[in-house]
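Residue numbers (the working numbering): 12 to 148.
We put the CB at the ideal spot given by N, CA and C, even for glycine.
Worksheet: the structure to be examined is printed underneath.
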């Protein structure tokens, strides 16, 4: 096979793969998209995923960074999950009393889901979270 042909084919495969990974799914909300990307690639102390979402799915949301800043996510994507949004309370496991070996019961706090369910969906162009997320404040 010709070297140039192999390079072109490899480049095409990489472009298609990155597009599939980095493009918001149809109807996917901002928070689910950022959560999915954050789980895959981690935080780089920027709003790269929020901005990528805006560029692909909600280009008219020009004040997105200001809105995130007001919600407490002023510096990077991971702050969305520390300060602005939490999994909806209906998704958490309930707290419960666990019998201890010493004869006393111990309270085990409610926990967020180990894995978020698929995005509940939003209309095209929206930067609102889907029903799987509650505002932190």
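Where the beta strand (DSSP E) through residue i begins and ends
i          : result
residue 97 : 96-98
Span of the alpha helix (DSSP H) around residue i
i          : result
residue 50 : 41-52
Assigned secondary structure, residue i (DSSP; H/G/I helix, E/B strand, else coil)
i           : result
residue 145 : strand
residue 120 : coil
residue 64  : helix
residue 127 : coil
residue 21  : helix
residue 77  : helix
residue 101 : helix
residue 31  : helix
Beta-ladder partner(s) of residue i, from DSSP
i           : result
residue 108 : 118
Whole-number beta carbon distance between residue j and residue i, since they are thought to touch under 8 Å
i           : j          : result
residue 140 : residue 54 : That pair is no contact at about 18 Å.
residue 138 : residue 63 : Between residue 63 and residue 138 the Cβ distance is about 13 Å, and since that is not below 8 Å, they are no contact.
residue 123 : residue 98 : 5 Å
Is it the case that the region 77-86 contacts the region 98-114, given that we only count it when at least three CB pairs across the two stretches are under 8 Å? no
Contact between the region 42-54 and the region 90-97 is defined here as three or more beta-carbon pairs at a separation below 8 Å; is this criterion met? yes
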